[in-house]
Amino acid sequence: ANHGWLDTHHTFSFADYYDPNYKGFGALRVINEDIVQPNNGFGTHPNREFEIFSYIISGELQHKDCDNGNVEILKRGDVQFTTAGTGISHSEYN
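Numbering follows the working numbering, with no gaps: position 59 of the sequence shown is 72.
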């Protein structure tokens with residue numbers, strides 16, 4: 014789906030895309046490919062009980078952990094693993 018600032022492709026049911034035949038694979042629930050336009054991104058939002066894997070194909074992505082204020086700039090080729098555990102609030106911007 015192309016939202017202007019975000020071109021996203023979902024492997025399994027996610028957000029506005031729902032297919033009862035593709036709700037996940039075992040414990041795996043989400044595989045999204047997101048292409049975020051410059052100066053845009055995902056505002057502060059919560060996650061819990063997720064292991065989040067981010068791989069940067071091109072450009073940069075700023076990841077902010079809103080619970081402790083840590084900010085990282087991820088660049089092409091970088092990998093980030095985030096453990097949401099009982100809950101985190103974070104944001105990501107290009």
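Just so you know, even glycine gets a beta-carbon here, dropped at the ideal spot from N, CA and C.
Throw me the rounded Cβ distance for the residue i and residue j pair, which I believe falls under 8 angstroms.
i, j, result
"S71", "R42", "Contact doesn't hold; Cβ gap of about 26 angstroms is too wide."
"S26", "D20", "About 18 angstroms separates the two Cβ atoms, so there is no contact after all."
"N53", "L74", "The Cβ separation is near 11 angstroms, so there is no contact."
Name the DSSP bridge partner or partners of residue i?
i, result
"G54", "Y106"
"T96", "E64"
"H76", "E85, E105"
"N15", "D20"
Looking at C-alpha atoms only, which residue of the options is the closest neighbour of residue i?
i, options, result
"F63", "N107, A97, T24", "A97"
"F94", "W18, F66, N15, S102", "F66"
"F56", "K77, I44, A40, H22", "The residue you asked about is not Phe; residue 56 is Gly in the sequence shown. G56 has its Cα closest to that of K77, out of K77, I44, A40, H22."
"H111", "V92, N81, L87, D91", "Limits of the chain in this structure are 14 at one end and 107 at the other, which puts residue 111 out of reach."
"D47", "D91, H22, G37", "H22"
"I86", "T99, R61, Y68, I101", "Y68"
Can you look up residue i in the DSSP assignment and give me helix, strand or coil?
i, result
"D47", "strand"
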